[in-house]
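J.:
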Amino acid sequence: MKQKLNIEEINDIDELRKLLNFINNKIELIESSKKALCDLILKNHEPICPNCHSNSINKNGKYKGKQNYICKECKKKFNGLTNSVFHHTHLSFKQIEQAFECVLHLFSIRKTAKIMKVSIKTAFTLRHKIIVCLKDIINSFVLNGDIELDEYYTSINLKGTKKENMPRMSKKRTSHGNRKRGINSHKICIVSGCDEFDNMFFAISGTGPVTSDMIKEHVVPRIRNTKKIITDCKSSYESVAKEKNWNLKQIKAGTYSDEDNNNLAEINSLHQQLDIFLSNFRGVSTKHLQQYLDLFCFLRYLNWTLDYSDQLIEFRNKIFIKNTDINYLNVCNNYSNLDFHDIYKGYNFHPLKTTT
Ligand SMILES: [Zn+2]
Numbered sequence: 103m104k105q106k107l108n109i110e111e112i113n114d115i116d117e118l119r120k121l122l123n124f125i126n127n128k129i130e131l132i133e134s135s136k137k138a139l140c141d142l143i144l145k146n147h148e149p150i151c152p153n154c155h156s157n158s159i160n161k162n163g164k165y166k167g168k169q170n171y172i173c174k175e176c177k178k179k180f181n182g183l184t185n186s187v188f189h190h191t192h193l194s195f196k197q198i199e200q201a202f203e204c205v206l207h208l209f210s211i212r213k214t215a216k217i218m219k220v221s222i223k224t225a226f227t228l229r230h231k232i233i234v235c236l237k238d239i240i241n242s243f244v245l246n247g248d249i250e251l252d253e254y255y256t257s258i259n260l261k262g263t264k265k266e267n268m269p270r271m272s273k274k275r276t277s278h279g280n281r282k283r284g285i286n287s288h289k290i291c292i293v294s295g296c297d298e299f300d301n302m303f304f305a306i307s308g309t310g311p312v313t314s315d316m317i318k319e320h321v322v323p324r325i326r327n328t329k330k331i332i333t334d335c336k337s338s339y340e341s342v343a344k345e346k347n348w349n350l351k352q353i354k355a356g357t358y359s360d361e362d363n364n365n366l367a368e369i370n371s372l373h374q375q376l377d378i379f380l381s382n383f384r385g386v387s388t389k390h391l392q393q394y395l396d397l398f399c400f401l402r403y404l405n406w407t408l409d410y411s412d413q414l415i416e417f418r419n420k421i422f423i424k425n426t427d428i429n430y431l432n433v434c435n436n437y438s439n440l441d442f443h444d445i446y447k448g449y450n451f452h453p454l455k456t457t458t
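Going letter by letter, the sequence shown gives residues 103 to 458 in this note's numbering.
1) Check whether the Cβ atoms of MET316 and CYS399 lie closer than 8 Å to each other.
2) Going by DSSP, name the residue or residues bridged to ALA305.
3) Pull every residue with its beta-carbon under 6 Å away from any heavy atom of ligand 3, and keep them in chain order.
4) Could you give the distance in angstroms between the alpha-carbon of GLN169 and the alpha-carbon of VAL342?
5) Where does GLN448 fall in DSSP's three states?
6) When you compare the CB positions of ILE132 and PHE195, do they come within less than 8 Å of one another, or not?
7) Taking the alpha-carbon of ILE331 as reference, which of VAL187, ASN349, SER337 and LYS106 has the nearest alpha-carbon?
8) Along the chain, which unbroken stretches of the alpha helix (DSSP H) at least 4 residues long are found entirely within the segment 103 to 164?
9) Taking just the CA atoms, how far does LYS351 sit from ASP360?
10) Name the one or two DSSP bridge partners that GLU250 has.
11) Considering Cα atoms alone, identify which of VAL322, ASN327 and LYS289 is closest to THR309.
12) Determine the direct distance from the alpha carbon of GLU199 to that of ARG418, and round the result to whole angstroms.
13) So ILE292 and SER314 are supposed to be a Cβ contact under 8 Å. How far apart are they, rounded?
14) Flag this pair as yes or no: are the beta carbons of CYS151 and PHE180 separated by less than 8 Å?
15) Grab me the residues of LEU183's own chain with a C-beta within less than 6 Å of its C-beta, minus the 5 sequence neighbours each way, in chain order.
16) Closest to ARG326 by C-alpha separation, out of PHE379, ASP409 and SER242, would be which residue?
17) Which residues in the same chain have their Cβ closer than 6 Å to the Cβ of GLU130, if we skip the five residues on either side of it in sequence?
18) Once DSSP output is grouped into helix, strand and coil, what is the label at ARG281?
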């Protein structure tokens with residue numbers, strides 16, 4: 103008969119070391135397989151058919167420790183990983199956890215690849231699979247109460263664009279900075295906001311100075327039950343505020359706050375933090391910028407709500423149950439809502455096709 107082990111009662115050091123060895127071996131075994139991944143997903147998620155989304159399913163044997171299922175409706179066979187972010191990876195549980203850790207530490211792709219012992223492209227693909235899944239989470243945050251709104255402007259970065267797809271000549275990278283100076287149609291406008299409850303959003307809304315249409319499309323859906331909205335003195339906010347009946351407080355140019363001490367300190371501080379965050383990645387390609395903005399918001403949320411030791415668990419458990427169609431082949435596509443050829447159409451630039 104098996105007796106239940108009470109660790110509290112063991113005081114013999116040899117016994118404890120033996121036990122530790124056993125636990126370490128067991129963890130190593132689990133980490134090296136994909137079963138742990140499956141178990142985690144199933145723990146957080148009822149299995150449903152990836153084909154017809156029916157939950158009327160039968161168990162259909164096991165393969166390499168993973169439970170297989172068959173759909174009673176459409177007869178499709180699947181397992182817990184089918185349709186999850188990690189369906190097609192050949193990586194172990196340990197490597198996937200390392201990928202999450204590297205994102206939390208803001209490590210470069212090169213460093214991540216070295217830690218995970220995979221190619222740079224694999225590390226790059228996995229990072230994007232992970233961060234693209236944050237979109238749903240970030241989009242579910244709504245701002246309420248006292249809200250600060252302001253825009254963040256940045257230059258277009260065409261890093262990773264194939265020569266034949268370039269809309270203009272490639273530029274040597276120059277220093278960042280001058281966020282607000284010289285806002286022209288080649289600057290990306292990121293609308294952003296935060297509220298008194300630490301909810302926030304950053305959304306690419308187009309190029310050039312912010313317009314009331316951009317605010318209506320990208321800011322209004324993020325706001326609910328507002329008491330007061332503070333912005334700078336742009337008229338585009340004024341017209342939207344009138345339409346939506348916002349209690350708008352605008353801070354005059356060149357001043358820090360108004361007579362009631364309304365100010366934009368919180369959102370300005372977030373913009374400074376975003377500067378530092380983006381500089382970690384040595385220039386983020388604009389086609390992936392929204393994903394990085396979502397990551398920025400998500401990491402703030404983790405930092406404000408959880409101890410570091412719980413952040414990794416929260417992060418991976420949130421992502422494990424998501425699915426994405428990003429894969430090794432399409433990860434370099436343009437995932438922004440911007441059409442670079444349209445932005446640069448005045449250039450009449452035709453990249454030379456390199457034919458050999
Ligand atoms: Zn089905």
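Beta carbons are placed, not taken as given, at the ideal position from N, Cα and C, and that holds for glycine.
T.: A quick look at the data gives this:
1) Counting from one through the sequence shown, the residue named residue 316 turns up at place 214. Counting from one through the sequence shown, the residue named residue 399 turns up at place 297. No. Outside cutoff.
2) On the sequence shown, position 203 is the one that residue 305 refers to. Answer is VAL293, bridged to ALA305.
3) What this structure holds is ligand 1, not ligand 3.
4) Taking the first residue of the sequence shown as position 1, residue 169 is located at position 67. Taking the first residue of the sequence shown as position 1, residue 342 is located at position 240. Taking C-alpha positions only, GLN169 is separated from VAL342 by approximately 53 Å.
5) Your numbering for residue 448 matches position 346 in the sequence shown. Note on identity: in this sequence residue 448 is Gly, with Gln being the wrong assignment. In this structure, DSSP gives GLY448 a helical state, which the three-state scheme calls helix.
6) The residue given as residue 132 occupies position 30 in the sequence shown. The residue given as residue 195 occupies position 93 in the sequence shown. Cβ distance < 8 Å, so ILE132 and PHE195 count as in contact.
7) Looking up residue 331 in the sequence shown gives position 229. Looking at the Cα atoms, ASN349 is the closest of the given residues.
8) Whole alpha helix (DSSP H) segments, 4+ residues: 115 to 133 and 137 to 146.
9) By 1-based counting over the sequence shown, the position of residue 360 is 258. By 1-based counting over the sequence shown, the position of residue 351 is 249. Those two C-alpha atoms are separated by around 8 Å.
10) Translated into positions along the sequence shown, residue 250 becomes position 148. Paired residues: CYS296 and ILE332.
11) Locating residue 309 in the sequence shown gives position 207, where the first residue counts as 1. Measuring from the Cα of THR309, the nearest candidate turns out to be LYS289.
12) Residue numbering aside, residue 418 sits at position 316 when the sequence shown is read from its first letter. Residue numbering aside, residue 199 sits at position 97 when the sequence shown is read from its first letter. The straight-line gap separating the alpha-carbon atoms of ARG418 and GLU199 is approximately 8 Å.
13) Here residue 292 corresponds to residue number 190 of the sequence shown, with the count starting at 1. Here residue 314 corresponds to residue number 212 of the sequence shown, with the count starting at 1. That belief does not hold up - the Cβ atoms of ILE292 and SER314 are roughly 17 Å apart, past 8 Å.
14) If you number the sequence shown from 1, residue 151 lands on position 49. If you number the sequence shown from 1, residue 180 lands on position 78. Closer than 8 Å, so yes.
15) By one-based count along the sequence shown, residue 183 stands at place 81. Taking LEU183 as the centre and dropping the five residues before and after it, the same chain places the C-beta of CYS140 and HIS189 closer than 6 Å to its C-beta, in chain order.
16) For the purposes of this step, residue 326 is taken as residue 224 along the sequence shown, with counting starting at 1. Here the closest residue by C-alpha is SER242.
17) Position 28 of the sequence shown, counted from the first residue, corresponds to residue 130. Excluding sequence neighbours, GLU130 sits near nothing in its chain.
18) Taking the sequence shown and counting its residues from 1, the one referred to as residue 281 is at position 179. Since pLDDT at ARG281 reaches only 46, below the 50 mark, its modelled position is unreliable, and no value is offered.
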